[in-house]
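Data first, discussion second: the structure below is written as structure tokens.
2 protein chains.
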Amino acid sequence: MLIALTGGTGGAKLIEGLSHEVDLAELTLICNTADDFVLNGLSISPDLDTITYTLAGMSDSAQGWGIRHDTFTVLSQLEKLGGETWFKLGDKDMATHLVRTRLLREGFRLSAVTDRIRKNLGIEARILPMSDDRIETRVETTEGEISFQEYFVKRRWQPEVKRVFYAGVEKSRPAPGVVEAIENAAGIILCPSNPITSIGPILAVPGIRAALNRATATVVGVSPIIGESAISGPAHRLMAAEGWEPSALGAASSYATFLDRFVIDGEDEKLRGKLEALGAEVVATSILMKSLADKRRLAREVVALIEK
Amino acid sequence: MLIALTGGTGGAKLIEGLSHEVDLAELTLICNTADDFVLNGLSISPDLDTITYTLAGMSDSAQGWGIRHDTFTVLSQLEKLGGETWFKLGDKDMATHLVRTRLLREGFRLSAVTDRIRKNLGIEARILPMSDDRIETRVETTEGEISFQEYFVKRRWQPEVKRVFYAGVEKSRPAPGVVEAIENAAGIILCPSNPITSIGPILAVPGIRAALNRATATVVGVSPIIGESAISGPAHRLMAAEGWEPSALGAASSYATFLDRFVIDGEDEKLRGKLEALGAEVVATSILMKSLADKRRLAREVVALIEK
Numbered sequence: 021m022l023i024a025l026t027g028g029t030g031g032a033k034l035i036e037g038l039s040h041e042v043d044l045a046e047l048t049l050i051c052n053t054a055d056d057f058v059l060n061g062l063s064i065s066p067d068l069d070t071i072t073y074t075l076a077g078m079s080d081s082a083q084g085w086g087i088r089h090d091t092f093t094v095l096s097q098l099e100k101l102g103g104e105t106w107f108k109l110g111d112k113d114m115a116t117h118l119v120r121t122r123l124l125r126e127g128f129r130l131s132a133v134t135d136r137i138r139k140n141l142g143i144e145a146r147i148l149p150m151s152d153d154r155i156e157t158r159v160e161t162t163e164g165e166i167s168f169q170e171y172f173v174k175r176r177w178q179p180e181v182k183r184v185f186y187a188g189v190e191k192s193r194p195a196p197g198v199v200e201a202i203e204n205a206a207g208i209i210l211c212p213s214n215p216i217t218s219i220g221p222i223l224a225v226p227g228i229r230a231a232l233n234r235a236t237a238t239v240v241g242v243s244p245i246i247g248e249s250a251i252s253g254p255a256h257r258l259m260a261a262e263g264w265e266p267s268a269l270g271a272a273s274s275y276a277t278f279l280d281r282f283v284i285d286g287e288d289e290k291l292r293g294k295l296e297a298l299g300a301e302v303v304a305t306s307i308l309m310k311s312l313a314d315k316r317r318l319a320r321e322v323v324a325l326i327e328k
Numbered sequence: 021m022l023i024a025l026t027g028g029t030g031g032a033k034l035i036e037g038l039s040h041e042v043d044l045a046e047l048t049l050i051c052n053t054a055d056d057f058v059l060n061g062l063s064i065s066p067d068l069d070t071i072t073y074t075l076a077g078m079s080d081s082a083q084g085w086g087i088r089h090d091t092f093t094v095l096s097q098l099e100k101l102g103g104e105t106w107f108k109l110g111d112k113d114m115a116t117h118l119v120r121t122r123l124l125r126e127g128f129r130l131s132a133v134t135d136r137i138r139k140n141l142g143i144e145a146r147i148l149p150m151s152d153d154r155i156e157t158r159v160e161t162t163e164g165e166i167s168f169q170e171y172f173v174k175r176r177w178q179p180e181v182k183r184v185f186y187a188g189v190e191k192s193r194p195a196p197g198v199v200e201a202i203e204n205a206a207g208i209i210l211c212p213s214n215p216i217t218s219i220g221p222i223l224a225v226p227g228i229r230a231a232l233n234r235a236t237a238t239v240v241g242v243s244p245i246i247g248e249s250a251i252s253g254p255a256h257r258l259m260a261a262e263g264w265e266p267s268a269l270g271a272a273s274s275y276a277t278f279l280d281r282f283v284i285d286g287e288d289e290k291l292r293g294k295l296e297a298l299g300a301e302v303v304a305t306s307i308l309m310k311s312l313a314d315k316r317r318l319a320r321e322v323v324a325l326i327e328k
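So the protein lines, in turn, are chains U and W. Numbering of the first sequence is given in the working numbering, commencing with residue 21 and proceeding in unit increments. Numbering of the second sequence is given in the working numbering, commencing with residue 21 and proceeding in unit increments.
What follows is the structure, given as structure tokens:
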């Protein structure tokens with residue numbers, strides 16, 4: 021079983037590539053849930069949804085979120101009725117949130133709900149939330165403390181960041197199957213997701229980092245950063261705010277205790293020495309994924325590094 | 021202030037007519053809420069919604085429920101995800117249920133939620149639920165006990181009815197403003213709605229029938245039945261099951277203690293004697309409302325009977 025730790029956008033690109041290159045019945049995704057939030061009374065899990073839609077072949081990969089060709093009729097009407105509309109919920113997407121919200125209220129755990137949704141969409145790969153417990157990435161800015169979704173989507177990552185933390189993580193437990201999946205994996209991939217707000221929360225769930233340290237499988241990470249900027253999103257800003265080096269090196273440093281191989285962009289060849297000093301084998305290639313061909317090629321390279 | 025007691029479909033036709041004939045700022049609707057139910061985790065109030073959409077000029081009056089030109093994208097996706105789809109929730113309609121569900125969960129009363137929705141839709145008339153308490157019309161059939169929505173929509177009124185009752189009504193109270201509206205009304209209209217499942221539950225809320233008995237305003241009722249069949253829906257079947265005469269006479273009988281004038285169809289002229297014996301003045305006209313012109317003409321006749 022191949023497992024991948026992932027957030028939304030960046031990770032989803034590699035997952036899309038992987039979905040064409042590996043046996044999906046042998047793939048388990050462990051997803052960040054610290055961006056989950058409630059809007060208009062609906063329980064929304066942005067990263068779980070992006071990964072689910074990606075694996076169902078429904079995702080809008082051009083825009084990086086939501087469902088391809090989705091419509092926004094409910095949202096337009098919600099606006100007239102005074103609902104919250106800063107997070108663009110499509111109509112088909114809404115159905116996912118309705119089902120999730122109802123099942124959670126009926127007492128089902130997020131992991132069970134996620135599994136039911138992926139099965140109903142005919143997805144063969146297993147999708148696990150990092151935890152069934154409520155964990156929330158909070159961003160302390162010069163304009164006050166806000167959730168990551170508010171920072172990222174509503175405020176378009178403009179406020180200056182002082183600190184990032186994962187509310188509720190101390191008392192959280194890994195979702196059922198997460199630790200076992202890591203321990204028994206034949207290979208582990210760290211997707212090119214935000215190391216602070218996507219992979220970071222997963223590693224912060226008590227027990228997950230220890231399982232990775234213990235795991236015997238090869239761990240291959242892919243940098244989400246080229247030069248000093250994240251390929252998409254605000255990772256570099258959050259890393260700088262947290263005192264990390266805002267580069268592939270900063271990302272790799274946070275994975276150093278369990279990282280075997282790290283894939284960086286050719287442009288970052290200059291970091292090779294410092295990266296190797298972390299104890300990881302460094303592979304430079306093109307990590308920018310624009311086309312499906314890019315995604316599949318990088319996925320093949322990552323799988324080859326695991327099997328090497 | 022003119023007030024009207026109403027359910028959904030049949031009542032909405034007269035309300036549509038009234039909305040063109042009277043000053044909406046002087047109109048208060050008291051709506052049945054005993055058909056309210058929860059589906060896919062959403063709190064749905066079919067009669068409140070039909071009346072709200074009618075007054076907002078949004079209703080699909082051809083089909084008798086929902087919003088004109090609505091789409092069903094969420095519902096189609098819900099079907100794939102294993103959600104309940106026997107009640108046809110349109111996308112725009114969904115926005116109403118989302119707002120209502122969220123506000124109810126936040127602790128707002130149904131009357132406050134209803135008022136907020138109608139104001140956001142620019143409706144001048146006041147719309148009051150009969151009660152803020154949960155009351156549910158239950159139908160005991162030869163195939164078991166079901167809710168009225170299940171009987172009416174899911175089972176298409178096919179099971180044989182043994183008994184109808186309003187669960188929770190004994191402990192319910194009229195919503196704020198209902199009793200005052202009745203007591204201070206300049207005229208009271210009983211819309212041509214199902215006397216068992218639409219007007220019946222309103223009258224069963226402790227305090228409402230007494231307020232009608234006390235009211236000094238002229239009370240004009242419109243029969244929902246021509247001959248021995250309801251103009252739409254299963255009223256006659258339910259009336260027969262409850263031992264009422266399934267005719268205009270059965271409907272009028274249940275309003276007799278406060279009814280001043282009763283409007284029947286010309287076809288039911290033969291009932292005049294028995295209806296007059298109930299103490300009401302009887303007016304025979306055409307009560308079938310197919311076109312907007314029919315609705316406006318009947319509304320004008322009803323208003324004239326109040327002002328007479």
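Just so it is clear, CB atoms sit at the ideal spot from N, CA and C, and this is done for glycine as well.
Counting only runs that start and end inside the stretch 189-267 of chain W, the alpha helix (DSSP H) elements of at least 4 residues fall at 198-204, 219-224, 228-234, 255-261. Between the C-alpha atoms of ASP135 of chain U and LYS315 of chain W there is a straight-line separation of about 51 Å.
Taking 7 Å as the threshold, the shortest C-beta distance from GLY127 of chain U to chain W does not fall below it. Contact with chain W is found for VAL119 of chain U, since one of that chain's Cβ atoms lies less than 7 Å from the residue's Cβ. A distance below 6 Å between beta-carbons, with the five flanking residues on each side excluded, links GLY31 of chain U to the following residues of its chain, in chain order: CYS211, SER213.
With distances taken between CA atoms, LYS108 of chain W lies nearest to W:GLU170 out of W:GLU170, W:LYS182, W:VAL159, W:VAL181.
The stretch 178-193 of chain U makes no contact with the stretch 120-135 of chain U, as fewer than three CB pairs between them are under 8 Å.
In this structure LEU312 of chain W is exposed. Its beta-carbon is surrounded by fewer than 16 other beta-carbon atoms within 10 angstroms.
Chain W places a beta carbon closer than 7 Å to that of VAL94 of chain U, counting this residue as a contact. With fewer than 16 other Cβ atoms inside 10 Å of its own Cβ, ARG176 of chain W counts as exposed. A residue is called buried once 16 or more other Cβ atoms fall within 10 Å of its Cβ, and ASP43 of chain U, having fewer, is exposed. With its beta carbon at least 7 Å from every one in chain W, LYS139 of chain U lies outside the interface. Of W:GLU144, W:VAL322, W:PRO179, the smallest CA-CA separation from LEU49 of chain W is found for W:GLU144.
Here the stretch 237-257 of chain U makes contact with the stretch 21-38 of chain U; the two share three or more CB pairs at distances below 8 Å.
Residue state for PRO66 of chain U is assigned as helix, using DSSP reduced to three classes. For LEU59 of chain W, there is no enclosing alpha helix (DSSP H); the residue is found in the beta strand (DSSP E) stretching over 57-59.
Within the stretch 87-175 of chain U, the complete alpha helix (DSSP H) segments of 4 residues or longer fall at 93-100, 111-125, 130-140, listed in chain order. Excluding five sequence positions before and after PRO196 of chain W, the CB atoms of its chain that fall closer than 7 Å to its own CB belong to SER131, given in chain order. Taking each of W:GLY207, W:GLU41, W:SER63, W:ALA24 in turn and checking the Cα distance to CYS51 of chain W, the smallest one comes out for W:ALA24. ASP285 of chain W sits in a strand when the DSSP states are folded into three classes. When 9 Å is used as the limit between beta carbons, MET259 of chain U is near no residue of chain W, the shortest such separation being about 36 Å.
Sequence-distant Cβ neighbours of THR277 of chain W in its own chain, meaning closer than 8 Å and more than five residues away, are ARG229, LEU232, ASN233. Using a Cβ-Cβ cut-off of 7 Å, ASN60 of chain U is close to LEU118, ARG122 of chain W, given in chain order.
Sequence-ordered contacts of the stretch 267-281 of chain U with chain W are nonexistent [C-beta pairs closer than 7 Å]. When the Cα atoms are used, GLU327 of chain W and ILE307 of chain W turn out to be separated by approximately 19 Å.
The way I'd put it, the stretch 262-279 of chain U does touch the stretch 287-296 of chain U; three or more beta-carbon pairs between them come closer than 8 Å.
Legend: CB atoms of the stretch 97-111 of chain U lying less than 7 Å from CB atoms of chain W belong to residues GLN97, LEU98, LYS100, LEU101, GLY102, GLY103, ASP111. Contact annotation, GLU203 of chain U with ALA235 of chain U: C-beta distance approximately 6 Å; criterion of less than 8 Å satisfied. Membership of LEU291 of chain U in any beta strand (DSSP E) is not indicated, and neither H nor E is assigned to it by DSSP.
One Cα belongs to ILE147 of chain W, the other to GLY263 of chain U, and the distance between them is close to 57 Å. Here the C-alpha atom of GLU126 of chain W lies approximately 11 Å from the C-alpha atom of VAL119 of chain W. Identification of chain U residues near THR91 of chain W by a Cβ-Cβ cut-off of 9 Å yields THR91, THR93, ASP111, ordered along the chain. Shown here, LYS182 of chain W sits in a strand according to DSSP, grouped into three states. Looking at the DSSP output, THR26 of chain W sits in a beta bridge with W:CYS51. PRO244 of chain U and THR93 of chain W have their C-alpha atoms roughly 35 Å apart. Listed by position along chain U, the residues whose Cβ is nearer than 9 Å to that of ALA145 of chain W form an empty set, because the closest Cβ is around 17 Å away.
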